[in-house]
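Let me begin by presenting the structure, written as C-alpha cells, before commenting on it.
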Amino acid sequence: MPSRPPAALRWAVELDGAGRHPAAWRLPGARPEELFTAAHWRRLAATVDAADVDLLVVPDAYRLQSAAERDQRGRLDAVAVAAHLAPLTRRPGLVPVVTTTHTEPFHTQKAIATLDLTSRGRAGWQVEVSTTAQEADLFGRKAAAPAEELWREAAETVDVARRLWDSWEDDAVVRDVATGRYVDRDKLHHVDFSGEFFAVKGPSITPRSPQGQPLVVVPVRDQPSLELAVAQADVARLETADAGQAAGWAAALPTATVLLDVEVLLRRDAAEAADVAAQLDAWSPGPPPRSVRHVGTPESFLDLLTALPAGVDGVAVVPLDLPVTLDLLASDVLPRVTRPVVHGTTLRERFGLPRPVSRYVEEVSA
Numbered sequence: 040m041p042s043r044p045p046a047a048l049r050w051a052v053e054l055d056g057a058g059r060h061p062a063a064w065r066l067p068g069a070r071p072e073e074l075f076t077a078a079h080w081r082r083l084a085a086t087v088d089a090a091d092v093d094l095l096v097v098p099d100a101y102r103l104q105s106a107a108e109r110d111q112r113g114r115l116d117a118v119a120v121a122a123h124l125a126p127l128t129r130r131p132g133l134v135p136v137v138t139t140t141h142t143e144p145f146h147t148q149k150a151i152a153t154l155d156l157t158s159r160g161r162a163g164w165q166v167e168v169s170t171t172a173q174e175a176d177l178f179g180r181k182a183a184a185p186a187e188e189l190w191r192e193a194a195e196t197v198d199v200a201r202r203l204w205d206s207w208e209d210d211a212v213v214r215d216v217a218t219g220r221y222v223d224r225d226k227l228h229h230v231d232f233s234g235e236f237f238a239v240k241g242p243s244i245t246p247r248s249p250q251g252q253p254l255v256v257v258p259v260r261d262q263p264s265l266e267l268a269v270a271q272a273d274v275a276r277l278e279t280a281d282a283g284q285a286a287g288w289a290a291a292l293p294t295a296t297v298l299l300d301v302e303v304l305l306r307r308d309a310a311e312a313a314d315v316a317a318q319l320d321a322w323s324p325g326p327p328p329r330s331v332r333h334v335g336t337p338e339s340f341l342d343l344l345t346a347l348p349a350g351v352d353g354v355a356v357v358p359l360d361l362p363v364t365l366d367l368l369a370s371d372v373l374p375r376v377t378r379p380v381v382h383g384t385t386l387r388e389r390f391g392l393p394r395p396v397s398r399y400v401e402e403v404s405a
C-alpha cells in the first residue's frame, strides 16, 4: 500500500479534446465524433466538479495540436468553453488559456471579468504566448518575435488587465431607480497606461467582478516565463521533468501557489497502461513530453506524489487520454489524498487569497 503524500496538495486538471496525446481520439471510449460538442465538455466538467478539483484548465492556442492528418486537430475557444461550463459547475476554478501575443489586453480582461461574473467568482486566466511564424501569419499584423520579447508583452498585458479590473470601484453601480442613475461615474477610473507595447486609457466597460481580480496562472518553462510568474502569478505551473530545476523555480516563487505539471495515463493494471501508451505512440509519436510523464496505475501515481520537489504545492494533471484517465483520477486517486480545507465559494477564497482593494480607491484615499 503506497504512503500518502505528506501534505495537503492543490490540484489542477487540464482537459484537451480526447487528451494531450494527439492519437488519443482513436482509443475506445474517446467518442471522437463528440469532441467539439457541448456534451463532451459537460461530461468531463461533471467529473472534475464532483471530484472537487481546484482548477479546471481549458487549453487554447493559435496552432493545432499537430499538423498530421492522422492526429486530432482543431480547437474550440477556451473562454467560450469555460463560460458554457460556468453555470453547470459549482466547485472548480475555471481557467481558460488566452494568449497575449495576438490579442488586445482590453478584450482579454473583459472576457475574464465576464467569466468571473457568470461563474460567481471562480474565474482564472492562464497566460500564454504564441511563438511561431505560422501563428503570426494567421493574423498578418506582425512577425513572430523572440520568446523574451513575447513574455515582456505578456507581462504588460497582465499589468493592464489588473488595472482595468480595478477601474470600477465595488460600489460604482448604484441602480437608483428613483433618480434614474445607474452608475456613479466618479467611481470609474481611467487607467492611463502607456508602455512598450500598449497604450490603454480605460476604464473597462465591465463592472468589477466578484473576486475584484480573477486569479492569474502562469506556465513556467524558461527564464522569461519565470520572470513573469515571479511578478504576476497567483498560481504557477512548472513545465519541467527535472526535479532540481522545479525546486529552483519554486524557490523563486514564494508568494505563488506552485503546481508541477504531470502528463498522466492511468489504468488499473500497469501492463495495460504501458500497452495503451505504446499503442498511442505507434499510431503517432506526438511531441516529446513537456514535463513529468507518468504511465501506470493510480497506486503508482500516488507514489509519485510522495516525492514531489521541494516548494511544490500540488500538481497540474494533464491526461494523455480522456475520459479513462480522468475517471481513474477522480475515483482512485483524489479520494486517497489530503486536500486543503476550502473556505468560501470564490476561487480566491479557495486559495486563501484576499480580495484585492481597487488601487484607485487607495489612490483617492491617499
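Following the working numbering, the numbering of the sequence shown begins with 40 at its first residue and continues without gaps.
Glycine residues also receive a C-beta, built at the ideal position from the N, C-alpha and C atoms.
- Query: Of the choices Thr336, Arg394 and Pro348, whose alpha-carbon is the least far from that of Ala369?
  - Reply: Taking the first residue of the sequence shown as 1, we reach residue 369 at position 330. That would be Thr336, whose Cα lies nearest to the Cα of Ala369.
- What do you get for Arg191, buried or exposed, if any count of 16 or more other CB atoms within 10 angstroms of its CB means buried? Here the question's residue 191 lines up with position 152 in the sequence shown. Looking at its Cβ environment, which holds 16 or more other Cβ atoms inside 10 Å, Arg191 is buried.
- Message: Tell me which residue opens and which closes the beta strand (DSSP E) that Asp300 is part of.
- Response: For the purposes of this step, residue 300 is taken as residue 261 along the sequence shown, with counting starting at 1. Per DSSP, Asp300 belongs to the beta strand (DSSP E) from Thr296 to Leu305.
- Message: On the DSSP bridge list, what partners appear for Gly408?
- Response: The structure shown does not extend to residue 408, since the chain spans only 40 to 405, so no value can be given for it.
- Taking 8 Å as the cut-off, decide whether the C-beta atoms of Thr279 and Ser330 are in contact. Locating residue 279 in the sequence shown gives position 240, counting from the first residue. Locating residue 330 in the sequence shown gives position 291, counting from the first residue. Yes, the pair counts as a contact, with Cβ atoms nearer than the cut-off.
- Message: Measuring only the C-alpha atoms, how far is Val303 from Pro358?
- Response: Residue 303 sits at position 264 when you count from the first residue of the sequence shown. Residue 358 sits at position 319 when you count from the first residue of the sequence shown. Answer to the nearest angstrom: the Cα atoms are 5 Å apart.
- Using three-state DSSP, classify Leu54 as helix, strand or coil. Against the sequence shown, residue 54 aligns to sequence position 15. Coil at Leu54, not helix or strand.
- Message: For Glu53, count the other beta carbons within 10 Å of its own beta carbon; 16 or more makes it buried, fewer makes it exposed. Which is it?
- Response: Here the question's residue 53 lines up with position 14 in the sequence shown. Its Cβ being crowded by 16 or more others within 10 Å, Glu53 is buried.
- Task: Spell out the partners DSSP gives Gln165 in its beta bridges.
- Result: Your numbering for residue 165 matches position 126 in the sequence shown. The partner list for Gln165 (beta bridge, DSSP) reads Val136 and Val256.
- Neighbour-count burial assignment, His333, 16 or more Cβ in a 10 Å radius: Residue mapping note: residue 333 aligns to position 294 of the sequence shown, counting from 1. With 16 or more Cβ atoms within 10 Å of its Cβ, His333 is classed as buried.
- Task: Please determine if the region 151-169 and the region 185-200 are in contact, where contact requires at least 3 C-beta pairs separated by less than 8 Å.
- Result: yes
- Task: State the Cα-Cα distance for the pair Thr147 and Pro242, rounded to the nearest angstrom.
- Result: For the purposes of this step, residue 147 is identified with residue 108 of the sequence shown, where counting begins at 1. For the purposes of this step, residue 242 is identified with residue 203 of the sequence shown, where counting begins at 1. The straight-line gap from Cα to Cα measures roughly 14 Å.
- Message: Taking the alpha carbon of Arg59 as the reference point, which residue from Ala77, Thr76, Glu72 and Pro98 has its own alpha carbon closest?
- Response: Against the sequence shown, residue 59 aligns to sequence position 20. Closest by alpha carbon: Pro98.
- Item | Beta-carbon proximity check, Thr294 vs Ala152, cutoff 8 Å | Taking the first residue of the sequence shown as 1, we reach residue 294 at position 255. Taking the first residue of the sequence shown as 1, we reach residue 152 at position 113. Not a contact, by the Cβ cut-off of 8 Å.
- Please classify Leu343: does DSSP put it in a helix, a strand, or coil? Numbered from its first residue, the sequence shown carries residue 343 at position 304. Residue state, collapsed to three classes: helix.
- Can you list, in chain order, the residues of its chain whose CB lies under 8 Å from that of Thr296, leaving out five sequence neighbours each side? Taking the first residue of the sequence shown as position 1, residue 296 is located at position 257. Around Thr296: Arg49, Asp273, Val274, Ala275, Asp352, Gly353 and Phe390.
- Message: Let me check one thing: in DSSP terms, what residues is Arg276 bridge-paired to?
- Response: Taking the first residue of the sequence shown as 1, we reach residue 276 at position 237. Answer is Pro258 and Leu298.
- Message: Tell me the rounded alpha-carbon separation between Ala100 and Phe178.
- Response: Indexing the sequence shown from 1 puts residue 100 at position 61. Indexing the sequence shown from 1 puts residue 178 at position 139. About 13 Å.
- What are the start and end residues of the alpha helix (DSSP H) that includes Gly283? The count along the sequence shown starts at 1 and reaches residue 283 at position 244. From DSSP, the alpha helix (DSSP H) with Gly283 extends over Ala282 to Ala290.
- Task: Measure the C-alpha to C-alpha separation of Met40 and Glu338 and round it to an integer number of angstroms.
- Result: Here residue 40 is taken as the residue at index 1 of the sequence shown, counted from 1. Here residue 338 is taken as the residue at index 299 of the sequence shown, counted from 1. Note that Met40 scores a pLDDT of 33, beneath 50, so its modelled location is shaky; the value from the coordinates is reported in the next line. Their Cα atoms are separated by approximately 8 Å.
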